[in-house]
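I have placed the structure first, in the form of structure tokens, so that the comments after it can refer back to it.
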Amino acid sequence: MFSSVLVANRGLIQANCVRAVKELGCKAITIYAPNDRNSAGVRNADEAYELTVKSSGIPYLDIDQIVELADRLRVDAVHPGYGFLAQNVEFKRRLNEKGILLISPEFNAIDLLSNKSAFREFGRGLGMPILPGSETSSDVEELKAAASDIGYPVVMKATEGYGGIGLRVVERESEIEGNYRSITSQAERFLFQPERVYLEKCVKNARHVEFPVARDVNGNRVVFPERECTIQRRFQKLVTESPCSFISASLRNKLRSAVEMLVDQLDLKGFVSVEFLLDGDQAYLLEVNSYIQPSHAVTSLLTGVDMLREQVSIAAGQPLSFGQKAVDTDKVAIGVFVSAEDTENNFAPSPGKIDRLDLPYGDGVYSLTNVHTHDSVGTFYDPIIALVMTKENNRDKAINKMRTALDCLHIDGIRTSIPLMRALMAYPPYLSGDYDNQFLTTEENRDRIFESYRTPLDSEIASLVAALSLHRDSSKQHLLEQARSNSKSRIWDMASDWFNRQK
Amino acid sequence: MFSSVLVANRGLIQANCVRAVKELGCKAITIYAPNDRNSAGVRNADEAYELTVKSSGIPYLDIDQIVELADRLRVDAVHPGYGFLAQNVEFKRRLNEKGILLISPEFNAIDLLSNKSAFREFGRGLGMPILPGSETSSDVEELKAAASDIGYPVVMKATEGYGGIGLRVVERESEIEGNYRSITSQAERFLFQPERVYLEKCVKNARHVEFPVARDVNGNRVVFPERECTIQRRFQKLVTESPCSFISASLRNKLRSAVEMLVDQLDLKGFVSVEFLLDGDQAYLLEVNSYIQPSHAVTSLLTGVDMLREQVSIAAGQPLSFGQKAVDTDKVAIGVFVSAEDTENNFAPSPGKIDRLDLPYGDGVYSLTNVHTHDSVGTFYDPIIALVMTKENNRDKAINKMRTALDCLHIDGIRTSIPLMRALMAYPPYLSGDYDNQFLTTEENRDRIFESYRTPLDSEIASLVAALSLHRDSSKQHLLEQARSNSKSRIWDMASDWFNRQK
Amino acid sequence: MKYKVRQADAKRSINIEGKYDFMEESPIQIDKATRMVRILETDTDGAVKTVMIDNRLYHVRVRRRGDGFPEEVVVKGVPYPVNIDKIESTRYRPPPAPKKIAGDVVASMPGQVIALMLKEGDKVEKGQSVLILEAMKMENEILAPKSGVLKKVASKEGDLVMKGDLLFEVD
Amino acid sequence: MKYKVRQADAKRSINIEGKYDFMEESPIQIDKATRMVRILETDTDGAVKTVMIDNRLYHVRVRRRGDGFPEEVVVKGVPYPVNIDKIESTRYRPPPAPKKIAGDVVASMPGQVIALMLKEGDKVEKGQSVLILEAMKMENEILAPKSGVLKKVASKEGDLVMKGDLLFEVD
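Residue numbers (UniProt numbering), protein chains in the order written: chain A, 1 to 503; chain B, 1 to 503; chain C, 1 to 171; chain D, 1 to 171.
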């Protein structure tokens with residue numbers, strides 16, 4: 001086993017990696033930008049080092065600084081978490097030069113996987129179904145021509161994008177150029193090759209499923225139950241169910257075999273997940289993520305396998321500690337990502353200070369969060385602030401438990417996706433499986449979901465509270481006006497009493 | 001199923017019962033004393049009603065008021081949680097008169113179980129091993145004589161005590177009278193019959209195990225894996241492991257058979273747990289708790305059975321939804337109760353305001369708490385403020401995970417048992433199973449446990465921080481003295497700057 | 001004082017007398033019903049936060065418009081948009097609601113303008129994407145509120161904007 | 001200034017120069033080693049709360065005696081008792097540590113006296129239980145700090161006491 005591991009990430013995954021590394025008996029070292037100083041991962045690490053913030057750029061993407069620190073501290077390995085540098089070939093190469101392992105699949109594998117367009121070709125070569133699409137290009141006119149061939153809408157993708165960054169749905173030709181510009185500008189900031197973009201047919205009304213896979217140095221492999229991540233907004237997953245309740249056993253087996261072939265062909269070592277898009281019964285291979293994903297915690301809960309700990313352990317050359325049978329299950333787990341977004345205002349970011357955070361409560365309800373009461377949620381990073389999970393004998397029970405769990409999750413001070421998620425968990429089309437990847441993308445549908453969750457009594461309470469709050473404002477104003485026009489100090493005292501009492 | 005259930009308790013169990021009742025689709029109603037207004041259970045209930053606080057007495061023990069409210073709201077059932085009125089026969093009778101069910105075993109059963117001395121006789125009648133002890137008595141001289149027969153030390157117990165209340169270890173005859181007086185005074189406040197006390201031989205260096213059992217209206221019964229609750233202080237459990245790693249399969253089977261016979265003989269319906277004291281290989285039947293216990297959550301985690309939900313469901317006349325096979329497992333779960341106590345000062349209560357509470361973090365770590373950042377922990381109730389749990393393939397792994405989990409649990413502002421629990425989880429005699437019910441009761445042993453967890457580097461950091469904090473005090477004083485003896489306002493400004501910057 | 005509150009499902013008339021102190025329970029009339037209400041806690045801005053209605057406890061959250069008028073109340077975590085549009089009182093006249101100048105688009109959050117899809121003078125359709133504002137790793141397409149001509153684009157790519165800054169104007 | 005800090009495992013000599021501001025990293029000498037220290041955050045009472053030592057971050061907690069002297073520092077959640085017993089400085093003399101009056105026992109927490117095991121004038125052995133103070137549902141036996149005669153019992157059964165109240169006196 002390693003003697004020390006540097007966790008080079010922030011937020012939810014940082015804290016969870018620090019925990020996993022500590023449980024393995026390694027020293028857990030981490031980095032942080034100054035405004036993340038109080039976060040759980042930083043507090044819980046054995047050692048934490050502050051990154052120097054350069055005038056431009058994201059500190060967690062500062063390869064020079066992170067490699068230099070890893071080298072100085074003589075760590076054995078770096079855990080990249082997800083996003084940021086997790087799939088960055090340059091980062092892996094630079095660490096390698098210093099004799100430090102980046103915990104990820106090997107060079108040739110991440111080289112291929114981080115290039116989505118090349119990976120499409122590879123998949124096609126294996127005879128797997130691939131969405132209609134284009135080659136990588138940096139010529140807007142070429143992209144326009146390709147889009148016409150494919151037919152609108154298309155998805156424009158940065159060839160080396162990750163984590164939902166660098167993706168755009170393009171509905172008409174006039175939007176190609178602007179989107180190309182915005183993707184390349186984003187690419188520069190998020191450290192992937194700019195100007196490398198390709199197109200893919202946009203299949204609306206589809207489902208997303210992904211198969212997590214672990215494979216050790218000896219080639220032993222375990223395919224975990226698939227996760228369905230259809231409920232998204234802006235290509236970011238909001239709800240994860242595992243296994244998927246809406247695919248047939250025969251389709252599941254077909255996809256599983258494809259996954260097995262793929263990871264063996266690539267001779268992958270470590271943890272990856274293979275993503276498919278389902279258009280009815282037609283499945284398309286989308287991509288392989290070479291890093292552990294935010295949804296991994298749902299699989300950990302479902303199977304009882306501590307995936308992060310296992311990932312570090314495989315990277316250290318240990319064989320898998322469990323077999324295929326250990327992860328086969330007849331239970332269902334569901335995870336809801338809570339984001340600091342205003343779901344009544346098209347998921348606008350909602351930064352601010354958290355006045356109070358109460359996590360959901362009780363047997364069978366599990367939560368991960370890295371924000372706490374009085375923490376501030378900034379605008380610099382991912383808006384995901386919590387993951388709530390339940391596990392039950394079947395999907396209905398898991399959703400029922402989730403509905404109550406979200407009722408018991410309170411975050412005051414900022415707007416979050418909790419109300420929408422809560423309403424979603426009670427919305428009949430969601431319950432019956434009648435949903436797709438566009439489910440939350442239209443305002444009309446979101447309004448319908450909200451409306452189904454409102455009650456006449458609570459509506460009346462809302463009226464009453466609104467009127468009473470305004471009434472208190474006006475009576476206060478009345479009091480203050482009276483005070484101002486009166487020289488007697490007693491009334492001034494009354495007014496300040498009045499104010500103080502409201503604090 | 002019931003249409004509405006009143007949860008008549010507070011704290012951890014209130015919030016968890018509210019959740020369970022809501023998941024069953026019943027309306028969850030609860031009560032609260034004014035200073036519990038912001039607690040999770042109150043926030044999450046469908047309806048919450050404030051109790052009027054009488055000049056004396058504990059509002060959650062106010063039978064008149066609670067029965068009146070239950071009747072007025074026409075609830076179908078009352079869930080009593082644990083402690084307070086959970087085993088109170090009078091409360092059950094009064095509710096019954098109004099046609100409301102108290103969720104607990106039936107009258108004759110709780111009548112017997114709530115009278116520990118009568119239950120000893122019942123157990124003896126079944127041929128079960130019972131600790132040497134006395135009859136119930138209210139005569140101090142009689143008790144002194146009985147104690148001489150049994151031999152000191154003895155445990156003096158209130159016949160109808162519960163939850164560790166009304167228990168005293170008596171080392172010598174001169175302490176009998178004072179302890180008798182203190183037990184009867186406590187009895188009055190906690191609503192059990194005063195002046196009814198009996199004695200039992202005090203077995204030090206023993207282990208505690210308990211078997212949770214569920215039994216439905218049809219007599220179907222499931223015995224859950226036993227819990228070991230040996231690590232205690234003042235008869236309150238601090239660590240729960242399930243199953244117990246230190247009893248032989250033959251002893252386990254013997255105790256299990258005894259449990260099965262006992263619950264069938266009593267024709268118990270609902271959830272109970274049967275407690276044994278183990279003096280080496282000799283087991284003694286201690287008592288049967290007729291209510292769900294604080295440790296139930298460890299069993300829920302271990303087995304995946306939502307025990308609270310199942311308890312309500314059985315009470316509503318439903319059959320058990322799972323069989324014996326569903327709860328048999330080869331995993332190990334461990335739970336640590338965190339209390340607001342100063343473990344370096346003989347577990348003195350440590351009330352106060354919580355400045356910051358960060359729950360432990362990551363896959364496979366589960367916590368229950370009903371306090372949050374900026375909540376105050378009062379002196380009126382139980383000092384238990386959180387339960388942290390882990391589940392793993394074996395005891396060593398579960399403890400290892402717990403050690404990291406406790407490293408990641410931060411409660412600032414009050415003293416808690418976290419440091420001791422953290423050190424305990426790394427203490428070799430605990431790890432090897434070389435412990436008993438006296439393990440935490442001596443200061444010498446607690447000091448040894450702490451000392452084993454300290455490191456020279458952190459000790460040096462402590463020295464440095466202490467000196468630096470004092471240095472800042474003194475340099476501040478120096479600055480202020482200078483300012484006072486100097487009329488230039490610039491220096492006053494410096495001083496106030498200095499102060500402001502420290503906030 | 002009498003308040004008319006419009007919501008999605010109903011229009012309610014609410015009558016509140018007196019100055020409404022803490023601790024003291026007082027009647028409030030909603031349409032034809034009377035509810036006994038006691039305020040337990042208010043927010044820093046004076047809005048009701050914890051309230052007892054007919055002896056039941058409610059944790060609520062009031063969100064206000066720019067002029068301080070309540071525009072949404074969150075009850076049990078679910079948002080209810082509210083609109084108070086008529087107040088009968090001899091003592092107090094609320095200021096008129098702020099007018100929305102259609103065509104002006106301001107930033108609803110702090111962020112960075114990472115792409116302009118159109119330039120000044122371009123024709124624009126209602127709902128068309130005009131620029132992309134990035135915050136929290138996410139890109140937020142800012143759409144044209146109506147069809148017309150893009151009269152003014154107030155920021156260029158790379159600009160950091162604060163909440164409330166003008167982004168562009170459609171005429 | 002030079003501080004002598006006694007702990008269970010060692011006696012350390014610590015030398016700190018200057019007034020120690022925020023933000024600025026400065027050397028502190030501990031015995032023969034030098035550590036670079038930067039204070040990031042202090043408590044409301046001015047004690048160090050977050051500190052960077054040799055570029056590593058520490059969240060610590062200082063607990064003070066009645067006279068303000070640090071008596072314990074919690075590092076990574078583990079309490080380390082400390083005793084600063086000698087300070088060399090020309091500028092600052094700390095007040096002497098408060099004397100402990102053996103025999104007087106005061107309440108270490110608020111609670112209710114629920115039982116007196118002995119009465120005034122009784123003989124008492126060191127470690128014997130004198131009264132029971134209840135708080136948080138728990139009974140706390142208050143023991144005699146030394147052997148002797150119970151000179152004074154300041155409270156009777158049922159009394160509510162505050163932290164610091166005299167409970168009894170052994171002579």
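Virtual Cβ for every residue (Gly too), placed ideally from N, Cα, C.
Fair warning: this is a prediction, and the values are worked out from it, not measured in the lab.
In three-state terms, what does DSSP make of residue i?
i	result
MET425 (chain B)	coil
VAL288 (chain A)	strand
THR136 (chain B)	coil
LYS204 (chain A)	coil
ILE16 (chain C)	strand
ASP85 (chain D)	strand
THR343 (chain B)	helix
PRO80 (chain B)	coil
ILE399 (chain A)	helix
PHE2 (chain B)	coil
GLU23 (chain B)	helix
How many Å lie between residue i and residue j at the Cα?
i	j	result
ASN345 (chain B)	ARG234 (chain B)	14 Å
VAL73 (chain C)	LYS92 (chain A)	50 Å
TYR49 (chain B)	GLY99 (chain B)	21 Å
ASP412 (chain B)	HIS374 (chain A)	14 Å
VAL48 (chain D)	VAL78 (chain D)	16 Å
THR230 (chain A)	GLY378 (chain A)	27 Å
THR441 (chain B)	THR30 (chain B)	37 Å
ARG415 (chain A)	LEU464 (chain B)	43 Å
ASP67 (chain D)	GLY317 (chain A)	56 Å
Which residue marks the beginning of the alpha helix (DSSP H) containing residue i, and which one marks its end?
i	result
THR230 (chain A)	Where THR230 (chain A) is concerned, there is no enclosing alpha helix (DSSP H), given that its DSSP letter is neither H nor E.
PHE322 (chain B)	That residue, PHE322 (chain B), is in no alpha helix (DSSP H); it is neither H nor E in DSSP.
THR303 (chain A)	296–303
GLY158 (chain D)	Unbroken run through GLY158 (chain D): none, as it is neither H nor E.
LYS157 (chain B)	Counting along the chain, LYS157 (chain B) falls outside any alpha helix (DSSP H), though it belongs to the beta strand (DSSP E) covering 154–158.
Is it true that the CB of residue j sits closer than 8 Å to the CB of residue i?
i	j	result
VAL327 (chain A)	VAL388 (chain A)	no
SER245 (chain A)	VAL298 (chain A)	no
THR369 (chain A)	LEU359 (chain A)	yes
GLN87 (chain B)	LEU113 (chain B)	yes
GLU260 (chain A)	PRO243 (chain A)	no
ILE16 (chain D)	MET1 (chain D)	yes
ASN44 (chain B)	ALA15 (chain B)	yes
Count the other CB atoms within 10 Å of the CB of residue i; is the residue buried (16 or more) or exposed (fewer)?
i	result
PRO105 (chain A)	buried
ALA20 (chain A)	buried
GLN236 (chain B)	buried
VAL18 (chain A)	buried
PRO70 (chain C)	buried
ASP407 (chain B)	buried
Assuming residue i is part of the beta strand (DSSP E), what are its boundary residues?
i	result
ASN140 (chain C)	138–143
PRO105 (chain D)	This sequence places Val at residue 105 (chain D); Pro is not what is there. It spans 104–106 - the beta strand (DSSP E) in which VAL105 (chain D) sits, taken as one unbroken run.
Quick one: is the Cβ of residue i within less than 7 Å of any heavy atom of the ligand FAD?
i	result
PHE439 (chain A)	Absence of the ligand FAD from the depicted structure is noted, as is the absence of any ligand whatsoever, leaving it without description.
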